[in-house]
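Below you'll find the structure, written out as structure tokens, and then a few comments.
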Amino acid sequence: MRWSQMFAPTLRDAPNDAVAPSHRLLVRGGFMRQLHAGHYSMLPLGWRVHQKVAAIVREEIDGLGGQEFLLPTMHPASIWKESGRWDTMGEIMFRLEDRKGAETALGITHEEIFATVAAELTSYKQLPQIWYHIQTKFRDEARPKSGLLRVREFHMKDSYSFDIDDAGLDKAFDAHDEAYRRIFQRLGVPAFGVQASSGAMGGNSSIEFMTPSDAGEDDVIRCPKCDYSANIEKATSALSAIDDGEPTALETFDTPGVRTIAALETFEGGAAATHQLKTLVMVLDGTTTLVVVRGDHQLNTQKLADATGAIEIRPAEVEETVAALGAHPGSLGAVGVTDHPVIVDLALEGRVNMTTGANIDDKHHRGVSVERDLTVAQWADLREVAAGEACANCGTELTVVRCIEIGHIFKLGTKYAETFGVRVSDADGNVVPVVMGSYGIGIGRNMAAAVEAHHDDKGIVWPVSIAPYEVVVTVMRLDDETLAAGNDIYVALKDAGVDALIDDRDARAGVKFADAELIGFPFRITVGPKGLANGEVEVTDRATGETNAVPLTDVVGMLAERCNEARRG
RNA sequence: UCGGAUGUGGCCCAGUUGGUAGGGCGCCUGGUUUGGGACCAGGAGAUCGCAGGUUCGAGUCCUGCCAUCCGGACCA
Numbered sequence: 054m055r056w057s058q059m060f061a062p063t064l065r066d067a068p069n070d071a072v073a074p075s076h077r078l079l080v081r082g083g084f085m086r087q088l089h090a091g092h093y094s095m096l097p098l099g100w101r102v103h104q105k106v107a108a109i110v111r112e113e114i115d116g117l118g119g120q121e122f123l124l125p126t127m128h129p130a131s132i133w134k135e136s137g138r139w140d141t142m143g144e145i146m147f148r149l150e151d152r153k154g155a156e157t158a159l160g161i162t163h164e165e166i167f168a169t170v171a172a173e174l175t176s177y178k179q180l181p182q183i184w185y186h187i188q189t190k191f192r193d194e195a196r197p198k199s200g201l202l203r204v205r206e207f208h209m210k211d212s213y214s215f216d217i218d219d220a221g222l223d224k225a226f227d228a229h230d231e232a233y234r235r236i237f238q239r240l241g242v243p244a245f246g247v248q249a250s251s252g253a254m255g256g257n258s259s260i261e262f263m264t265p266s267d268a269g270e271d272d273v274i275r276c277p278k279c280d281y282s283a284n285i286e287k288a289t290s291a292l293s294a295i296d297d298g299e300p301t302a303l304e305t306f307d308t309p310g311v312r313t314i315a316a317l318e319t320f321e322g323g324a325a326a327t328h329q330l331k332t333l334v335m336v337l338d339g340t341t342t343l344v345v346v347r348g349d350h351q352l353n354t355q356k357l358a359d360a361t362g363a364i365e366i367r368p369a370e371v372e373e374t375v376a377a378l379g380a381h382p383g384s385l386g387a388v389g390v391t392d393h394p395v396i397v398d399l400a401l402e403g404r405v406n407m408t409t410g411a412n413i414d415d416k417h418h419r420g421v422s423v424e425r426d427l428t429v430a431q432w433a434d435l436r437e438v439a440a441g442e443a444c445a446n447c448g449t450e451l452t453v454v455r456c457i458e459i460g461h462i463f464k465l466g467t468k469y470a471e472t473f474g475v476r477v478s479d480a481d482g483n484v485v486p487v488v489m490g491s492y493g494i495g496i497g498r499n500m501a502a503a504v505e506a507h508h509d510d511k512g513i514v515w516p517v518s519i520a521p522y523e524v525v526v527t528v529m530r531l532d533d534e535t536l537a538a539g540n541d542i543y544v545a546l547k548d549a550g551v552d553a554l555i556d557d558r559d560a561r562a563g564v565k566f567a568d569a570e571l572i573g574f575p576f577r578i579t580v581g582p583k584g585l586a587n588g589e590v591e592v593t594d595r596a597t598g599e600t601n602a603v604p605l606t607d608v609v610g611m612l613a614e615r616c617n618e619a620r621r622g
């Protein structure tokens, strides 16, 4: 490519509304432009990177024996109703009507669609299968943000495994786990796996892949000593034992003006937060529910969703709370409540002599034995782990790391197979549902994650494996001799299999250098009259900033070798 | 969806007590330059987010709406 003909509109200033480094740099570098919130136009440079990321993903999934498909992105409502996700997906799914008034949806993921195709599997002899496509997904995110990190329209590689039994699924799952780690390695995106909530996907286990970044949206609990790492939506920790003494009788006492856990801690006759019950009134799919955690603990709503299967969860309004319990927030409790479900955090098992609101304004109970005095509908792990708590495996203090979720793999089991009739005959002649897994990785998000991990104050520092071009030949003067020398190198690089670009623009050195650094080509060959007089050019490494004079005769071979080495990531 | 902020040429911004839009970058032409975002001269490019209203007169004041960003909620 000749830069003089390339459409790569670089900007000296980042758009005012771009904040995340990857967002700012991808726009400034002329990789993409925003159309509207959560939708980006890929410009030639951006699309090249995107395609290189996709190619690496494709290679690795093909390496697993994956077969590439392309399924539609517009789906009939009926198929989503069959799986039940027409309702459970809520507002995340774009829904529209066609001219006949038929309900349709834009695909947020493709379990249902692949399952309809898989219904034609008939025999265990056809298994295992790994099917995938790289297709546009649409998600009506409440708040798109940070450039490509959270968008409403994006490309995802989603693969699906079909096995005769759980052992087969485990194998496919582990194979994807390994393939994903290789993918991130090749993309130059630092990654680690964490235990995760399966959310609306269903299924019994899942691993999320994370890369640490301030631009991320997920908090991950990590143990600095052992291997433990989990999404905060799933993480657990060890709590030190608390001596409650002997159970005493339930007693009500006056607490005028006390409205908070903290206030009750300092109130005469009150109790430490660790000896209080925090009662949260939540509405779960329309049912007013009491959720009880320890006074100093926070509720994690995803844990509550996972434990109850509820789809829509919100805190109750004050009026709803008063109507349900007869008191205002600050004096609420679950003692004696039987007309609303009470869900209690596991950390409260066996606790006695606790203090909690009495459902009468300005009154509290003390001497509460959780199991004696509460009608517990469900025990569940609901509390959010905090930094500094002890690792459940080894006791080391846990840390919280902000991360970007760059991939997610799920064991689905037979849920979709049963719904869509994906059944095969097994070796004994029984007809059995196929066991499925699903595995997703966002292409654009990984592109952005690579930028988050590889940039400096001048711009992007692309890994060779996904750079829009591996080498830019910067021609310093447009006189015949210099241009010809640059062009010879450029052509020879291409012949040697290097993805090269020649900067033949009529621009000053500073402009060319600044653009090359902003866009982030891994290598720059500077061709100028001074060097040519000595039969030399300069090679600059974007990552280190190092510049070396290299004889004209060696430069192509040297860069071909360096790119080849680096290309595998 | 809640809270906050912001909407003025492609990008970054200024615009006073209301008086008919300005600078920088970028772009075009000419000249001079040429190894780190040059300089000089000339030029093109704007329904000031949209719709109402107040006013002799609105980028500026009022009302409504829309959009975008940030934080939260949400998020396979």
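Read in order, the letters of the first sequence are residues 54 to 622 in my numbering.
Yeah, the Cβ is synthetic: ideal placement off N, Cα and C, and Gly gets one too.
By the Cβ rule, the region 112-122 does not count as touching the region 90-104, because fewer than three pairs are nearer than 8 Å. About 12 Å separates the beta carbon of residue 132 from that of residue 146, a gap too long to meet the 8 Å contact definition. Residue range 97-116 is occupied by the alpha helix (DSSP H) that includes residue 97. In this structure the region 382-389 does not lie against the region 452-464, because fewer than three pairs of beta carbons, one per stretch, are closer than 8 Å. Residue 443 is bridged by DSSP to 291, 450. In this structure, DSSP gives residue 204 a state outside helix and strand, which the three-state scheme calls coil. Assigned with DSSP and collapsed to three states, residue 616 falls in helix. Here the alpha carbon of residue 121 sits roughly 43 Å from the alpha carbon of residue 580. Distance from the CA atom of residue 247 to the CA atom of residue 302, rounded to whole angstroms, is 44 Å.
For residue 559, the number of other beta carbons within 10 angstroms of its own is below 16, and it is reported as exposed. Residue environment analysis places residue 216 among the buried positions, since at least 16 neighbouring C-beta atoms fall within 10 angstroms of its C-beta. A straight line joining the alpha-carbon of residue 470 with that of residue 168 spans about 7 Å. Restricting attention to alpha helix (DSSP H) runs no shorter than 4 residues, the region 557-606 encloses them at 562-572, 582-586, ordered along the chain.
Counted as a single uninterrupted DSSP element, the stretch harbouring residue 183 is not any alpha helix (DSSP H) but the beta strand (DSSP E) occupying residues 182-191. Residue state for residue 76 is assigned as helix, using DSSP reduced to three classes.
DSSP places residue 223 inside the alpha helix (DSSP H), whose first and last residues are 219-240.
It is roughly 6 Å from the alpha-carbon of residue 157 to the alpha-carbon of residue 128. In this structure, residue 438 keeps its C-beta atom at 8 Å or more from the C-beta atom of residue 187. When the alpha-carbon of residue 223 is set against those of 243, 260, 621, the nearest one is in 260. Beta bridge pairing from DSSP links residue 89 with 92. A straight line joining the alpha-carbon of residue 280 with that of residue 451 spans about 11 Å.
Looking at the DSSP output, residue 176 shares a beta bridge with 478. Looking only at 83, 171, 159, the smallest Cα-Cα distance to residue 144 is reached by 159. The bridge partners DSSP lists for residue 265 are 456. Residue 208 and residue 100 have their C-alpha atoms roughly 12 Å apart. Taking every protein chain shown into account, the CB of residue 408 has 16 or more other CB atoms within 10 angstroms, so this residue is buried.
Excluding residues up to 5 positions away in sequence, 93 lie with their Cβ nearer than 7 Å to the Cβ of residue 87 in the same chain. Between residue 296 and the set 153, 495, 403, 170, the nearest pair of CA atoms involves 403. For residue 355, the enclosing alpha helix (DSSP H) starts and ends at 354-361. Inside the region 390-423, DSSP marks whole beta strand (DSSP E) runs of 3 or more residues at positions 395-398, 407-413, 416-421, from first to last along the chain. In the three-state scheme derived from DSSP, where H, G and I count as helix and E and B as strand, residue 483 is classed as coil. Residues 244 of the same chain have their beta carbon placed closer than 6 Å to that of residue 237, with the five preceding and five following residues left out of the count.
According to the DSSP secondary-structure assignment, residue 212 is paired through a beta bridge with 185, 492.
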